[in-house]
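Peer 1: Starting off with a structure, shown below.
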Amino acid sequence: NAGVMQNPRHLVRRRGQEARLRCSPMKGHSHVYWYRQLPEEGLKFMVYLQKENIIDESGMPKERFSAEFPKEGPSILRIQQVVRGDSAAYFCASSRTSETTGELFFGEGSRLTVL
Amino acid sequence: AQSVTQLDSQVPVFEEAPVELRCNYSSSVSVYLFWYVQYPNQGLQLLLKYLSGSTLVESINGFEAEFNKSQTSFHLRKPSVHISDTAEYFCAVSEMDSSYKLIFGSGTRLLVRP
Chain A
337 NAGVMQNPRH LVRRRGQEAR LRCSPMKGHS HVYWYRQLPE EGLKFMVYLQ
387 KENIIDESGM PKERFSAEFP KEGPSILRIQ QVVRGDSAAY FCASSRTSET
437 TGELFFGEGS RLTVL
Chain B
237 AQSVTQLDSQ VPVFEEAPVE LRCNYSSSVS VYLFWYVQYP NQGLQLLLKY
287 LSGSTLVESI NGFEAEFNKS QTSFHLRKPS VHISDTAEYF CAVSEMDSSY
337 KLIFGSGTRL LVRP
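Quick mapping for you: the protein sequence lines, in order, are chains A and B.
Heads up: the first sequence begins at 337 in this note's numbering, then just goes up one per residue.
Heads up: the second sequence begins at 237 in this note's numbering, then just goes up one per residue.
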């Protein structure tokens, strides 16, 4: 499967624990985007990364959330000290260049449940 | 700031019937417009997009959408649906200079019945 790969598909955490979501972009893609979908809402942009750089993090919550896309390996979205309001589906997308004209290739999402 | 409204959370329709999924947006700047589709247990896929030019855009599987600037709408239509069209459909907009930053509606679940 040459598409965007996300894991885990489902993750359960208790309040106060850490959640790590991983995303491997499509082959040949070096631009990664994270979106979050809260229940009954549309996807919302969180962060845009290129290898080793954060390009736009205007949608990231100011605390507890961080993202990275190292030179080697997948992109990681990290949520520290999770709370119930973090329960959501987290989608990763990728593109070959920054000139996307809106065409992003999405993964199947990681669904986080906070107990 | 932009916003997207999809008033219908679910649209049930019989196979071979026509369907329209509504999408309205608000924006103070020029935008690109998109429809994405999510089939069960899959990621979102771009169905069609309007960037400029002809206001009527078509997909390869028979869907079409028309950009109406005066009504700020981008409704999705198909004259005859198939069972396989059952999916969640998301309308989205983006500003032209940050097209990766999509603003999505809440989605419409199209349920095609035999």
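Cβ coordinates follow ideal geometry from the N, Cα and C atoms, glycine included.
What residues from chain A crowd round B/L282, counting only those whose CB sits closer than 7 Å?
Peer 2: As a first step, residue 282 of chain B is located in the second sequence; it is residue number 46 there, counting from the start. Here the neighbours are E439.
Peer 1: Short of 8 Å Cβ to Cβ, which residues in the stretch 320 to 336 of chain B face chain A?
Peer 2: For the stretch 320 to 336 of chain B, which is checked against every Cβ of chain A, the residues closer than 8 Å are F326, A328, S330, S334, S335 and Y336.
Peer 1: So, helix, strand or coil for A/R414, using DSSP?
Peer 2: Along the first sequence, one-based indexing puts residue 414 of chain A at 78. Three-state result, A/R414: strand.
Peer 1: Starting from A/H346 and walking both ways along the beta strand (DSSP E), at which residues does that stretch end?
Peer 2: Along the first sequence, read from residue 1 onward, the residue named residue 346 of chain A stands at position 10. A/H346 -> beta strand (DSSP E) spans H346 to R349.
Peer 1: From B/P315 to B/G289, what distance separates their C-alpha atoms?
Peer 2: Counting from one through the second sequence, the residue named residue 315 of chain B turns up at place 79. Counting from one through the second sequence, the residue named residue 289 of chain B turns up at place 53. Those two C-alpha atoms are separated by around 23 Å.
Peer 1: Can you tell me which of the three DSSP states A/R400 falls into?
Peer 2: As a working mapping, residue 400 of chain A is identified with position 64 in the first sequence. Coil, per DSSP.
Peer 1: Does the contact criterion of 3 or more C-beta pairs under 8 Å hold for the stretch 433 to 448 of chain A versus the stretch 331 to 338 of chain B?
Peer 2: Segments in contact, yes.
Peer 1: Once DSSP output is grouped into helix, strand and coil, what is the label at A/M362?
Peer 2: Within the first sequence, the letter at position 26 stands for residue 362 of chain A. DSSP places A/M362 in coil when its eight states are reduced to three.
Peer 1: Taking B/E256 as the reference, give the member of B/M332, B/F270, B/L269 and B/V317 with the closest Cα.
Peer 2: Taking the first residue of the second sequence as position 1, residue 256 of chain B is located at position 20. For the residues B/M332, B/F270, B/L269 and B/V317, the minimum Cα distance to B/E256 belongs to B/V317.
Peer 1: Do B/T291 and B/F303 count as a contact pair if the criterion is CB distance below 7 Å?
Peer 2: Working through the second sequence from its first residue, we reach residue 303 of chain B at position 67. Working through the second sequence from its first residue, we reach residue 291 of chain B at position 55. Yes, the Cβ-Cβ distance between B/F303 and B/T291 is below 7 Å.
Peer 1: Between A/L385 and chain B, is the shortest Cβ-Cβ distance under 7 Å, so that the two count as touching?
Peer 2: Position 49 of the first sequence, counted from the first residue, corresponds to residue 385 of chain A. Not closer than 7 Å to any Cβ of chain B, the Cβ of A/L385 fails to qualify, so no.
Peer 1: Among the candidates B/L346, B/R345 and B/F326, whose CA atom is the shortest distance from the CA of B/Y261?
Peer 2: On the second sequence, position 25 is the one that residue 261 of chain B refers to. Here the closest residue by C-alpha is B/F326.
Peer 1: Taking its Cβ as the centre, do 16 or more other Cβ atoms sit within 10 Å of A/F405, making it buried, or is it exposed?
Peer 2: In the first sequence, counting from the first residue as 1, residue 405 of chain A sits at position 69. Looking at its Cβ environment, which holds 16 or more other Cβ atoms inside 10 Å, A/F405 is buried.
Peer 1: Going by other Cβ atoms of all chains shown within 10 Å of its Cβ, with 16 needed for buried, is A/H346 buried or exposed?
Peer 2: Locating residue 346 of chain A in the first sequence gives position 10, where the first residue counts as 1. Per the 10 Å Cβ criterion, exposed.
Peer 1: Measuring straight from C-alpha to C-alpha, what distance separates B/Q307 and A/R432?
Peer 2: Counted from its first residue, the second sequence places residue 307 of chain B at position 71. Counted from its first residue, the first sequence places residue 432 of chain A at position 96. Looking at the two C-alpha atoms, the distance is approximately 34 Å.
Peer 1: On a CA-only basis, which of B/E331, B/V348 and B/A323 is nearest B/N277? Give me that one, please.
Peer 2: Here the question's residue 277 of chain B lines up with position 41 in the second sequence. The candidate whose alpha carbon is nearest that of B/N277 is B/A323.
Peer 1: Residues in the same chain with beta-carbon distance under 7 Å from A/M382, minus the five sequence neighbours each way, listed in chain order, please.
Peer 2: For the purposes of this step, residue 382 of chain A is taken as residue 46 along the first sequence, with counting starting at 1. Closer than 7 Å at the Cβ level, and outside the excluded window around A/M382, lie W370, Y371, R372, G395 and M396.
Peer 1: Report the rounded CA-to-CA distance for A/V419 versus A/V450, giving the unit in angstroms.
Peer 2: Counted from its first residue, the first sequence places residue 419 of chain A at position 83. Counted from its first residue, the first sequence places residue 450 of chain A at position 114. For A/V419 and A/V450, the distance between alpha carbons rounds to 6 Å.
Peer 1: From the DSSP output, in three-state form, read off B/I339 for me.
Peer 2: Taking the second sequence and counting its residues from 1, the one referred to as residue 339 of chain B is at position 103. Looking at B/I339 - three-state DSSP - the assignment turns out to be strand.
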